[in-house]
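In the UniProt record's numbering, the protein residues as written are 1 to 519. Ideal Cβ placement from N, Cα and C applies to all residues, glycine included. Step one of this worksheet: look at the structure below.
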Amino acid sequence: MDEGLVAGDTAALVGWALVLLAITVLNALLGIARHRTMTKIRMDASFRSVRATVWHTSRLGASLTRRVSAGEVVTVGISDVYTVAQALTVTGPGVGAVIAYAVVAFVLFTISPLLAAVILAGVPLLAVAVGPFLHRIERTGGEYRVHQGRLTTRLVDVLAGLRVLNGLGGKAFVAERYGQESQSLVGHGYRVAGPTSWVGALSGGLPALFLAAVVWLSARMAAAGTITIGDVVAVYGYVAVLVVPVAFFIEGGSDIARARVAGRRIIDLLNLPVAEDDHDVVTTPGSGPLADPVSGVIVRPGLLTALVATQSAEAIAVVERLGNLPADAGTTWAGVRIADVAREEFRRRLVVADNDAEVFAGTVRDIVTGRLEPDDSRIRAALRVAVAEDVVEALPDGLDAEIAAGGSDLSGGQRQRIRLARAVYAAPDVLLAVEPTSAVDANTEAAMIDRIREARRDLTTVVTTTSPLVLDRADEVIVLVDGKVSAAGTHTELLRGDSSYRALVSRAQDGLDDRTADE
């Protein structure tokens, strides 16, 4: 302004205009690079966080559901991870904002120390003005996040049990309850949105007011002859540049406040302890029995053992202890405490198969093989053992057919057989199966237990059941009363000598007859 327009020097005017053009182009290129870099940082942070949480939840295994709800895990993996990743984009622009702030303050100091002092004092004052809103965002955001996790848990439960709810006629009641809780969450959301909207408004309004105040002061100084007209234009340009970093400081503070809430939820999940695998004890396959001191159950190696109880939860509890799901329950294998057996070795050689095991989306081949290498001949053999050949044959692409997440496109019996095929494919030394035939008809049940018995000859298999068909084919039946062993022997022996067992089997036989009649 002073050297070109005011002095009437065309060459200086053109020269400075070219310099301004070059700086503008450079800013545009840097802006593109910044956007690309911040996008990469955000996506990388998301993937790293998801990978860490997935890895940790997989290490927690079946114990995860006892420690944290499914909705909490879903919310962490979707909402919290994104919030934290978004906050990481504060880093690059944040450094740039600090540098811009320092450079502008220095340049303004060469023009007027008073203007520089106003700049240095004004921006911190703006941050102080916004601070209370950031604290409120963090406080209310924590409450909102807790309710969000609970509501997501309810949604997951509703979706998982939708078919049952339809059958019982309870869908309307659950939907009404979910709607009420959803409206409560909306109320919490408004409490978070209030301070958040104030931060958004202040991030645009306060820098504009600050710019107006500095320009007014510089105009008064120009009128008094303290600075030139060119200085006024320069001050306006420099302070206008500061509007962006100042607004970014305010918005970045809001992002960090929300990320602190989300980060704590992620850390809480990652802090769930996992049993350390610092043991090197390895048992010999088939070398000894599995023993549960709590119930007195002793599973002899190489047999098909049936656990039967009046309350199915008692048999399931024994299976969980034998499978070391409640860590260090005192269970032993071949005289060695399971807690002292190398974790990877134990999980490879002993498999717990229950009806709640997840069926992930993928092809039949992927679902049956899991983490193991696929072998089509072994897959078909496992499907045959589980009497699931007809399930695959009915699908258009056979082993390459896609199954939906949770096996939602399969019936309950089909899902059960696919789960059993997956367990059989793993070929563990010990297979602990919870009610593996509960969702199939009597003919299929008989075929399943016969094929399991044949395929796992000389290997240890434990099933929880009350089905007479299964009990009759078991090498040994262990009867539980109040969670303790009350009798053991073959099905025939127990029918002759145990009246309570005889009554239990009679009730189960009545249910089997009803099921057969329905077919």
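Can you tell me whether residue i is helix, strand or coil according to DSSP?
i           : result
A28         : helix
R337        : strand
residue 535 : There is no way to answer for residue 535, as the model of the chain reaches only from 1 to 519.
E445        : helix
T460        : strand
V74         : helix
V214        : helix
T305        : strand
G330        : coil
E402        : strand
S411        : coil
V54         : helix
L270        : helix
E373        : coil
E344        : helix
F360        : coil
T226        : coil
V68         : coil
L60         : helix
G8          : coil
Pick out whichever of the options has its Cα sitting closest to the Cα of residue i.
i           : options                : result
G92         : L20, F109, L242, G252  : G252
I418        : E3, D450, G370         : G370
V274        : H491, G31, D498, H56   : H56
S438        : L494, D354, T83, D375  : D354
I229        : V241, T331, L5         : L5
G398        : E389, D80, G413        : E389
residue 542 : A219, E454, V318       : With the chain running from 1 to 519 in the structure shown, residue 542 is simply not present.
N271        : H35, L64, V19, M43     : L64
D292        : E493, G412, V387, E320 : E320
P245        : A224, A208, A234       : A208
V107        : D231, R177, G489       : D231
L494        : T10, V90, A306, L26    : A306
A129        : V74, F210, G187, I99   : F210
V243        : V104, L18, D9          : V104
From which residue to which residue does the beta strand (DSSP E) around residue i run?
i    : result
I478 : 476–481
S486 : 484–489
At what residues does the alpha helix (DSSP H) containing residue i begin and finish?
i    : result
A102 : 91–111
A313 : 312–322
V294 : It is not in any alpha helix (DSSP H) - V294 carries neither H nor E in the DSSP assignment.
V391 : 389–393
A353 : First-last for A353: 350–353, but that is the beta strand (DSSP E), not the alpha helix (DSSP H).
D376 : 376–385
P428 : No alpha helix (DSSP H) holds P428; DSSP gives it neither H nor E.
T369 : 364–369
A87  : 81–88
P468 : 468–473
Would you kindly work out how many angstroms separate the C-alpha atoms of residue i and residue j, rounded to a whole number?
i    : j    : result
L504 : D472 : 14 Å
T460 : D429 : 6 Å
G407 : R365 : 14 Å
L88  : A97  : 15 Å
D518 : S506 : A caution first: D518 carries a pLDDT of 48, below 50, which makes its placement in the model too unreliable to give a value.
K40  : V50  : 15 Å
I316 : D356 : 12 Å
A334 : A394 : 43 Å
W198 : Y238 : 26 Å
R380 : Q414 : 15 Å
L165 : A175 : Because L165 carries a pLDDT of 48, less than 50, the predicted location of this residue cannot be relied on, and no value is offered for it.
R451 : L322 : 24 Å
A52  : N324 : 24 Å
V308 : L469 : 13 Å
I403 : E358 : 12 Å
Y501 : H491 : 9 Å
T37  : G263 : 22 Å
S254 : S112 : 33 Å
S486 : Q416 : 30 Å
Under 8 Å by Cβ, that's how I've got residue i and residue j pegged, so tell me the actual separation to the nearest angstrom.
i    : j    : result
L480 : A426 : Incorrect: roughly 26 Å between the Cβ atoms, too far for contact.
R260 : V76  : No, R260 and V76 are not in contact; Cβ-Cβ is about 15 Å, not under 8 Å.
L185 : L151 : 5 Å
V351 : L410 : Their Cβ separation, rounded to whole angstroms, is 21 Å, which puts V351 and L410 out of contact at 8 Å.
A45  : A85  : 4 Å
A102 : F109 : Not quite, the Cβ-Cβ distance comes to about 11 Å (not below 8 Å), so this is no contact.
T363 : D400 : 5 Å
L304 : R453 : 5 Å
A455 : V424 : 7 Å
T465 : V387 : No, T465 and V387 are not in contact; Cβ-Cβ is about 16 Å, not under 8 Å.
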